[in-house]
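Just below is one structure, and these are the notes that go with it.
Protein chains: 4
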Amino acid sequence: MKALVYHGPDKKAWEEKPKPVIKETTDAVVKILKTTICGTDLHIMKGDLPAVTDGRIIGHEGVGIVEEVGSSVSNFKKGDHVIISCITSCGKCEYCKKGMYSHCVNGGWILGYLIDGTQAEYVRIPYADNSLYPIPAGSDEEALVMLSDILPTGFECGVLNGQVKPGDTIAIIGAGPVGLAALLTSQFFTPAEIIVIDMDDNRLEVAKTFGATQTINSSDGKAVEKVMQLTNNKGVDVAIEAVGVPPTFELCQEIIGAGGHIANIGVHGRSVTLHMETLWSKNVTITTRLVDTVTTPMLFKTVQSKKIQPKQLITHHFRLDQIIEAYDTFGNAAKEKALKVILTS
Amino acid sequence: MKALVYHGPDKKAWEEKPKPVIKETTDAVVKILKTTICGTDLHIMKGDLPAVTDGRIIGHEGVGIVEEVGSSVSNFKKGDHVIISCITSCGKCEYCKKGMYSHCVNGGWILGYLIDGTQAEYVRIPYADNSLYPIPAGSDEEALVMLSDILPTGFECGVLNGQVKPGDTIAIIGAGPVGLAALLTSQFFTPAEIIVIDMDDNRLEVAKTFGATQTINSSDGKAVEKVMQLTNNKGVDVAIEAVGVPPTFELCQEIIGAGGHIANIGVHGRSVTLHMETLWSKNVTITTRLVDTVTTPMLFKTVQSKKIQPKQLITHHFRLDQIIEAYDTFGNAAKEKALKVILTS
Amino acid sequence: MKALVYHGPDKKAWEEKPKPVIKETTDAVVKILKTTICGTDLHIMKGDLPAVTDGRIIGHEGVGIVEEVGSSVSNFKKGDHVIISCITSCGKCEYCKKGMYSHCVNGGWILGYLIDGTQAEYVRIPYADNSLYPIPAGSDEEALVMLSDILPTGFECGVLNGQVKPGDTIAIIGAGPVGLAALLTSQFFTPAEIIVIDMDDNRLEVAKTFGATQTINSSDGKAVEKVMQLTNNKGVDVAIEAVGVPPTFELCQEIIGAGGHIANIGVHGRSVTLHMETLWSKNVTITTRLVDTVTTPMLFKTVQSKKIQPKQLITHHFRLDQIIEAYDTFGNAAKEKALKVILTS
Amino acid sequence: MKALVYHGPDKKAWEEKPKPVIKETTDAVVKILKTTICGTDLHIMKGDLPAVTDGRIIGHEGVGIVEEVGSSVSNFKKGDHVIISCITSCGKCEYCKKGMYSHCVNGGWILGYLIDGTQAEYVRIPYADNSLYPIPAGSDEEALVMLSDILPTGFECGVLNGQVKPGDTIAIIGAGPVGLAALLTSQFFTPAEIIVIDMDDNRLEVAKTFGATQTINSSDGKAVEKVMQLTNNKGVDVAIEAVGVPPTFELCQEIIGAGGHIANIGVHGRSVTLHMETLWSKNVTITTRLVDTVTTPMLFKTVQSKKIQPKQLITHHFRLDQIIEAYDTFGNAAKEKALKVILTS
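So the sequence lines, in the order shown, correspond to chains A, B, C and D.
This note's numbering numbers the first residue of the first sequence as 1 and each following residue consecutively.
This note's numbering numbers the first residue of the second sequence as 346 and each following residue consecutively.
This note's numbering numbers the first residue of the third sequence as 691 and each following residue consecutively.
This note's numbering numbers the first residue of the fourth sequence as 1036 and each following residue consecutively.
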């Protein structure tokens, strides 16, 4: 089969690889119908994640058709259409039993990272019963690709951890795909005001069409001041960090109101300064989370009942064998006005 | 009347002051029966809290007898014995209605800080209906002084915010009075292991008698290593910071397990480093809180039913007019093996 | 002033009564701008609530202008426009401190029940600071009348107690005003399916325009069967009872899924049969609640930000002095297709 | 092997049966070390559960040694000592993923009910990875038999669902084994008062030694009156029903305070009367639950750290082949003063 293979920093190829086979009785092999590229894949390609070694097939998102299942897989059979979760869950370790699949001792985030992934014609999925989700006939499968990672990430790490409530004033810092996923899913809980902050006017325009009630371009260094004006100097109830660098995390600290929640989604490469000298008495909660994908069934119901339109996140389409081109487009997201790209086999 | 008055950094006097009077219909004047000294009072005396000005009567804890009430006070009358809460709550602002009395727009922590306090023969208590708690006849009033501040602080900021659960392994960093209050009240939720960490062997001995299952003297820089040994390298479920300096807050980050809670109690004067480069994917929750004293009625019931013995926290007794001497003792807590001192009028 | 006065079963009059005056320092007198009639008022008029005695002014909903305040009222002053809560909260009793204003020992539901109410030109409001809510200039005051009772009742007793979640399938039994208020506010939490059940086709039509995804006319006795078809025989996640008679409460028990929530809003006059022989192992939760109006500030924000349109509930308008006519219309709700009527002074 | 076999109402025999074998890759066969008899087993023996058919081996509790595992079992291997959960969990259905193992579509309560059980020399355990719990060397295995069913049942259905909090006043109705399990585990949350109600003075004596602060013999029909005296007419915060008949469920309704929780544990054979005419406005929560055993790991930690002593529940010991005699003793629990009996192979 053909697959996108990592060969060290800045070297990748769409090349022939052996088709995966069942290794464990709990495995499934899935033929990829549609996949996408994640910001994390760009980091991998730059060599930022040294655990990814030469020869690894990248990708942790997608929908497909079950090609074969191991002998103890009972939820799925050959021919079933499925959503592939970015998180592999064994369903039987201490963490899985607590709903913390991200820390599954037998899985977690391994796909396209520690084992071969979904940017390929076929992929092997360990613990298939707990790591795949069924797609009923007639579903919009392209929309469902967004359930592999980006929607649960925005929802679990940002919205649920931030405890968004009806009537809240929330801020989302970063209007990239994951920030926009938080923006879409935050509306499940009907906040009164959603302030989206970014440095790219195009993304802020998109945010408005996705439901932001206010947008702030923070390039001028006046974002804190503007948020305080919008909130009568109270600060926001929830600040969702969807960038992953120190300045945006500090911004969250400056705009959070007393009793508020800072929910981190961003992948951070460096430590940040935490202003405990002011926060200690402010009754705030700060959370971090690697997505558990525990809400995938819930999100699936909201997509099927059209409460959200995940296709709004999709800006570009390619054939799977055009993936190198797709990486170029996604890698120049600002210029290309790219959010999520869909690759179809 | 006589009162302890702050006259600028390192200057205090037990001196004559006018007896307080009712200013608002919601006030009460309370004759102090017993009061105590808080670590925060030492900070005030050093000049660390510039909002405290020359002439201020210090102190925010105590029990007393109601001397007089304003016309709209209905929960209390002259002669009632009461616990004075360190937090003044108006009961009618946005924050009080949410149970966040610490941020009451008409009160909060003002006693012995922005208005005259309890280290005096009499004190005026604003919003008495919401800021005093009744003491039934026959109660041990000395024990109840611990309900003014230290028990709700350890319980709300440490134990409740840390979400201590049956079977948990928790760590309390700092075995001073507030850390010990967290130690006592954490046992309401039956953790399996309570690791107390401090640099003072005497305090660690006390912690053992208060219920610590393990103690670690962190002077040798091996606290992290020891906690990891005790937890099979998983780290703790809950880390309660009861010191307020960067090294102890960093220690919490190093020992917290995936999915764990870091609950800050310490009053911090400086920013700390938050290791988001490792924490971002660890599904942790970090909380800060100025005590709300919203659990005072709950704690009162646990004291009255003898589920905790707050008197364990009391090491020294003085007459109220010996308060300068009491400050000396409490100011040399390590040498004097002092926890809480009781001053009786 | 003029007021609607109860003179025993089926006897009421719009007649002259003394204008109310401040009795306690915490009172306010409010000039009524707009009020409405509640189903409970009809019960009072029939004589079903014997605690209501001859001479009582009825009504517990409305918006108005503060005419005068007692000396200890600080949140409001003469001239302020306010929402009157149906629940009087003292803010300082055990229940108010727990957010359970419905059981306030000094208040609770007393307005138009144990003390004179709002179907009058003026009304005295005890504990005004905690029982009124401010209306900013430029607000749609007619819509805000719905915040006095019906919206918090549907939301707190039905939606919050039912723990409606994104993706849920919920059923609302009863499409009268309070069931429709639950329907509107349930959408704050984005359920996937909302099944509304009633015996009046007109009300079911209204329910569809309010967001019901399915409606069932239960006259044919096949409601259970139909719900089971719609839910693949799983039953619903949440069943909200908004009628208050045994058959509808039994219906809830028959359609509730394992792990589901039955949230009662209805005012019941008789006991019901609880089928513990099947429910004991079904992991269900059943809740009752007299509205606390603790969510009024939250709901206010959702109205001001146009997340709901409470005016949808208003079908008829009258002048305040036409109130007898308004009662006739509201008393024949099915025939008149009446939901809420607005009376304007 | 030998096993206790049900042969229709009131007919049972300790007789030879084929030793169980692995049927599915997820099975384990466990050699029983210790088992016990549940009240439910008595019901089965009377013929009350028609789903139990002639030839069924009874029993759903016990500890044992793994004899053999299927090819996809990874958490256990031959020779491991294990606790057998009364609830079989597949770990991969909708309900298991929600932690509601009781309603597992592939398991739930099947052991000694729909498939052969633990009152035998060997038992086959489906989905062993999720339905067994490891026992470390040196543990008190007799105590751990209480983790199969009775402790999680008392804790989950009674204590957790009842939301017992520090300082609460709770009532437990029924001082049989499961009521006593609720009594023991309720103390994890430090209620101030625990009132135990039963009609057997011996059991009430036992309850006192287990931590009851008040006991009431309800034979005289004055239980409601006495509870009201003990609670200043407020009623209790939590009422735990551990009997399963209409009068005790009605008693719960009469003693519950406003805002309180009625947590049902009892297995009911008939409907009960629910007094909605008084409860509708009382803000109460009523819960039912078939035990999920989702707290078994948590309870295990509390046992290992000696926070509870489950052996207090054990009153009688027999050899496994004396099981007929053990049934006689347990079947005359009141006369024999029997709580749990232990059968050792």
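A virtual CB, placed ideally from N, CA and C, is assigned to each residue, including glycine.
In this text, all values refer to a predicted model and were calculated from it rather than measured experimentally.
Around residue 271 of chain A, no beta-carbon contact reaches into chain C at under 9 Å, the shortest distance being about 34 Å. A straight-line Cα-Cα distance of about 43 Å links residue 221 of chain A and residue 55 of chain A.
In this structure the region 772–790 of chain C lies against the region 835–842 of chain C, because at least three pairs of beta carbons, one per stretch, are closer than 8 Å. Taking 7 Å as the upper bound on Cβ-Cβ separation, chain B lies near no residue of the region 1289–1320 of chain D.
Taking each of B/370, B/594 and B/480 in turn and checking the Cα distance to residue 470 of chain B, the smallest one comes out for B/370.
For the region 370–392 of chain B, the set of positions with a beta-carbon nearer than 9 Å to some beta-carbon of chain C reads 370 and 371 in chain order. At least one CB of chain C lies nearer than 7 Å to the CB of residue 474 of chain B. For the pair residue 343 of chain A and residue 1158 of chain D, the Cα-to-Cα distance works out to about 51 Å. Residue 1006 of chain C: not part of any alpha helix (DSSP H); member of the beta strand (DSSP E) spanning 1004–1009, first to last residue. If you check the CB distance, residue 616 of chain B and residue 231 of chain A do not come in under 7 Å.
Taking C-beta atoms as the reference points, residue 569 of chain B and residue 536 of chain B fail to come closer than 7 Å. By the neighbour-count criterion, in which 16 or more other beta carbons inside 10 Å mark a residue as buried, residue 120 of chain A falls on the buried side. Between residue 158 of chain A and residue 239 of chain A, the C-beta gap is not smaller than 7 Å, which leaves the two residues out of contact. Here residue 701 of chain C is not bridged, per DSSP, to any residue.
Comparing C-alpha distances from residue 13 of chain A to each of A/339, A/256 and A/323 shows the shortest one belongs to A/323.
In terms of Cα proximity to residue 948 of chain C, the closest of C/925, C/941, C/985 and C/966 is C/925. Of the residues D/1208, D/1070 and D/1219, the one whose Cα lies closest to the Cα of residue 1152 of chain D is D/1070. For the set B/398, B/455, B/480 and B/451, the Cα lying nearest the Cα of residue 405 of chain B is the one of B/455.
Close CB contacts of residue 201 of chain A within its chain, under the 7 Å cut and outside five residues either way in sequence, are with 217 (chain order).
Residues are counted here when their Cβ sits less than 9 Å from a Cβ of chain D; for the region 537–567 of chain B these are 537, 538 and 558, given in chain order.
Measuring C-alpha to C-alpha distances from residue 450 of chain B to each of B/593, B/560 and B/437 identifies B/437 as the nearest.
Non-local beta-carbon contacts of residue 420 of chain B in its own chain, meaning distances under 7 Å to residues more than five positions away in sequence, involve 474 in chain order. Against residue 995 of chain C, the close residues of chain A are 167, 192, 193 and 213, in the order they occur along the chain (beta-carbon pairs closer than 8 Å).
Residue C/846 holds the alpha-carbon nearest to the alpha-carbon of residue 980 of chain C among C/1019, C/846 and C/916. At least one C-beta of chain D is nearer than 7 Å to the C-beta of residue 92 of chain A.
At a cut-off of 7 Å between C-beta atoms, residue 647 of chain B counts as an interface residue with respect to chain D. Against chain B, the CB of residue 762 of chain C has a partner CB under 7 Å away; the residue lies at that interface.
Secondary structure note for residue 1021 of chain C: it is in no beta strand (DSSP E), and the uninterrupted alpha helix (DSSP H) holding it is 1013–1021.
Of all residues in the region 777–805 of chain C, none places a beta-carbon less than 7 Å from a beta-carbon of chain A. Under the three-state reduction of DSSP output, residue 559 of chain B falls in the strand class. Contact between residue 299 of chain A and residue 180 of chain A does not hold, since the beta-carbon distance rounds to 15 Å and is not under 8 Å. Inclusion of residue 638 of chain B and residue 446 of chain B in the CB contact set at 7 Å is warranted, their separation being smaller than that value.
Contact annotation, residue 531 of chain B with residue 518 of chain B: C-beta distance approximately 13 Å; criterion of less than 8 Å not satisfied.
Look at residue 632 of chain B: its C-beta is under 7 Å from a C-beta on chain A. Counting only runs of 4+ residues, the alpha helix (DSSP H) found wholly inside the region 1253–1315 of chain D occupies 1258–1265, 1281–1290 and 1311–1314, in chain order.
One alpha carbon belongs to residue 1217 of chain D, the other to residue 1346 of chain D, and they sit about 14 Å apart.
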